[in-house]
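One structure below.
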């Protein structure tokens with residue numbers, strides 16, 4: 001009886017192994033990962049596998065974590081402890097949505113133009129938030145995130161005037177962010193390019209006018225700088241930044257004219 005039971009057990013183990021191998025080969029790598037990961041929220045949206053356990057309590061709710069761009073990843077990080085090393089598997093709704101964020105994050109199943117515009121705008125907002133976080137840390141490669149956002153919106157084939165207006169509204173802050181970033185990088189011509197794009201969307205936008213004034217000042221085009229800043233001042237007459245920059249432009253303009261007069265004077269004397 002013992003020998004027979006041992007044989008039955010061996011056959012069962014063999015069948016179980018073959019069945020497991022069959023399932024493994026027929027599923028995707030992500031499906032294979034699921035079986036060894038824990039469910040963080042209980043809806044299978046955020047799965048976690050602890051590679052190396054940590055010590056102490058989890059991350060406190062009021063802590064800040066650098067460069068977190070996905071809601072799912074942030075929620076996952078809040079479960080980690082000091083010294084812990086884990087990996088996470090996120091469903092699209094906790095990441096970039098079904099349309100992904102090419103080229104860094106591939107689309108899930110649908111083409112971009114078939115995805116609801118609201119989802120696309122949500123993705124763009126996530127990308128822009130990441131860019132803002134980098135900018136606040138003086139890491140100016142954030143402009144790549146802003147450019148990624150403009151590319152996602154630019155590739156969208158709009159179906160109605162309402163969609164076009166929503167896309168323009170989403171593009172405006174991206175152009176303003178790009179203009180400011182280029183100014184910080186001391187690239188006034190590129191900054192001016194993006195501020196002009198913003199003005200094409202909203203010709204009375206004070207931030208776009210202010211950015212243009214900053215760029216023109218750096219390019220020593222004082223007439224144009226003054227024109228933009230006076231237009232901005234008309235919208236916000238008591239804005240300190242606008243008024244201070246206007247005074248700076250006026251001083252630089254005067255110094256430039258004085259140097260020209262001195263140069264012409266020397267030429268005529270000669």
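Numbering (the UniProt record's numbering), first residue to last: 1 to 270. The C-beta atom is built at its ideal place from N, Cα and C for all residues, glycine as well.
- In the displayed model, residue 87 falls within a strand according to three-state DSSP.
- Only exposed fits residue 118, as fewer than 16 other CB atoms lie within 10 angstroms of its CB.
- In this structure, residue 46 lies away from residue 87, with their beta-carbon atoms at least 9 Å apart.
- Take the alpha-carbon of residue 218 and the one of residue 237: they are about 23 Å apart.
- Distance from the CA of residue 253 to the CA of residue 201, rounded to the nearest whole angstrom, comes to 30 Å.
- Taking C-beta atoms as the reference points, residue 246 and residue 229 count as a pair closer than 9 Å.
- Taken through DSSP and simplified to helix, strand or coil, residue 92 comes out as helix.
- The residue from 241, 181, 183 and 154 with its alpha-carbon nearest to that of residue 170 is 154.
- Residue pairing by DSSP puts residue 39 in a beta bridge opposite 47.
- Secondary structure of residue 214 (DSSP, three-state): helix.
- Residue environment analysis places residue 53 among the exposed positions, since fewer than 16 neighbouring C-beta atoms fall within 10 angstroms of its C-beta.
- Using a 10 angstroms sphere on the CB of residue 128, the tally of other CB atoms reaches 16 or more, which defines it as buried.
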